[in-house]
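Numbering (the numbering used here), first residue to last: 876 to 1260.
Where a beta carbon is used, it is the ideal one built from N, C-alpha and C, also for glycine.
Report on the structure given below.
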Ligand SMILES: Cc1cc2nc3c(=O)[nH]c(=O)nc-3n(C[C@H](O)[C@H](O)[C@H](O)COP(=O)(O)O)c2cc1C
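Encoded structure:
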């Protein structure tokens, strides 16, 4: 789901994880979501409404309502309602429909999408009552973010832990593919071994690939990511296949190719590798003067050879000079979209949030300009639809 610009009502109930709702609110705001807060009276004993009013920059709806119809006003305002943490007591109230306090009253009055994040002691969580209530909510179309396993505030270990706020936001933004379409993307860099401790590699951070994977996920696609080493972090909803060198990336991509509607070659794959990797660390005394190199498999060419009917292939061209002219020569048969990027920012866009890029397809060309990697991802998504 596209969260950008959405309005979220955050319901907070009386659980020890109420303090983590502060962080969840911030995470949602960072994803450019507007947040308002509603709290049960018990929740206000764990964290004061002043904190949430300050963070959301909006009055918090508590039992001391600001207006007579604040429940209708807040519920109608929101696109999504997330109750996090949701206590066992509040869960039962959502089912009973008594609407006797603000959080459950908003739930009754809310026409839009609803989520609950139960968090409690693991015995409570696994009790028939809680499980039955969650099952009922699911059958009503309410989405449930499962609590995690781990050490709980009560000192026990088990399922019931409030998930990391980033993971909650990821599940809402990227969870459950809706379309039956699949993206196969390579991300990061490769490492070609010289000996057990040395390798040839490059500076790719994986950030562009991360932005692209997220864009397809939030549009309901299933995403397989063949990842080399990288700094970028992919959401759990990405199905990751981790590889080290060009050869293993090539194998993984060819194995997955048949499943993909779109293949994006975003990884910075080494063109050459040492002809022989030494089995032991090369000693100083035998310092390497020359490395004998050989070409790695060309993953792009291999996928073009195996291209399925209707499959789209996206390639990247990083150019340091005459970018547009050189890139045009790379726009060979079998490629549907070519992203041209330049090292105009001084480090090739590696690790930056912005990059200079242009897009070439058979029917259109978008000239080189600076933009965010998210912007690049969303334009690329449009080109591959
Ligand atoms: C220190 C403390 C921690 C609690 N933590 C939880 C919790 O994590 N999950 C839960 O379901 N209930 C927890 N409870 C119990 C709820 O606070 C209690 O059921 C309360 O009635 C919930 O009210 P509410 O759902 O209206 O906010 C806790 C109680 C106390 C005193």
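Item                                                                                                                                                   : Value
Do the CB positions of residue 991 and residue 999 come within less than 8 Å of each other?                                                            : no
When you compare only the Cα positions, how much space is there between residue 1173 and residue 1125?                                                 : 8 Å
Thinking residue 1137 and residue 1187 are a contact (beta carbons under 8 Å), I'd like their distance in whole angstroms, please.                     : 5 Å
With DSSP as the reference, label residue 883 as helix, strand or coil.                                                                                : strand
I'd like the list of long-range same chain contacts for residue 922, defined as Cβ closer than 6 Å, with 5 residues on each side in sequence excluded. : 893 and 894
Whose C-alpha, out of 1062, 913, 1091 and 1079, is nearest the C-alpha of residue 980?                                                                 : 913
Using only the heavy atoms of ligand 1, determine whether one of them is closer than 7 Å to the beta carbon of residue 1032.                           : no
Please report the straight-line C-alpha distance between residue 1098 and residue 931, rounded to a whole angstrom.                                    : 33 Å
Please classify residue 1081 as buried or exposed, where buried requires at least 16 neighbouring CB atoms within 10 angstroms.                        : buried
Which same chain residues end up closer than 6 Å to residue 918 when comparing Cβ atoms and leaving out the 5 residues on each side of it in sequence? : 887, 888, 889 and 893
Just the Cα atoms here: how many angstroms apart are residue 997 and residue 891?                                                                      : 13 Å
So what's residue 914 in DSSP terms, helix, strand or just coil?                                                                                       : strand
Which residue from 911, 1060, 1076 and 1154 puts its Cα closest to that of residue 1086?                                                               : 1060
Looking at ligand 1, does it come within less than 7 Å of residue 964, judged from the CB to the closest heavy atom?                                   : yes
Have a look at residue 986 and residue 942 and give me their C-alpha separation to the nearest angstrom.                                               : 20 Å
Is the separation between the beta-carbon of residue 1232 and that of residue 1208 shorter than 8 Å?                                                   : no
Alpha carbon to alpha carbon, what distance is there between residue 1255 and residue 896?                                                             : 34 Å
Got a sec? Which residues, its chain only, sit under 6 Å from residue 1189 by beta carbon, not counting five neighbours each side?                     : 1139 and 1212
Residue 897 by DSSP, collapsed to three states: which one?                                                                                             : helix
Quick one, are the C-beta atoms of residue 989 and residue 1026 less than 8 Å apart?                                                                   : no
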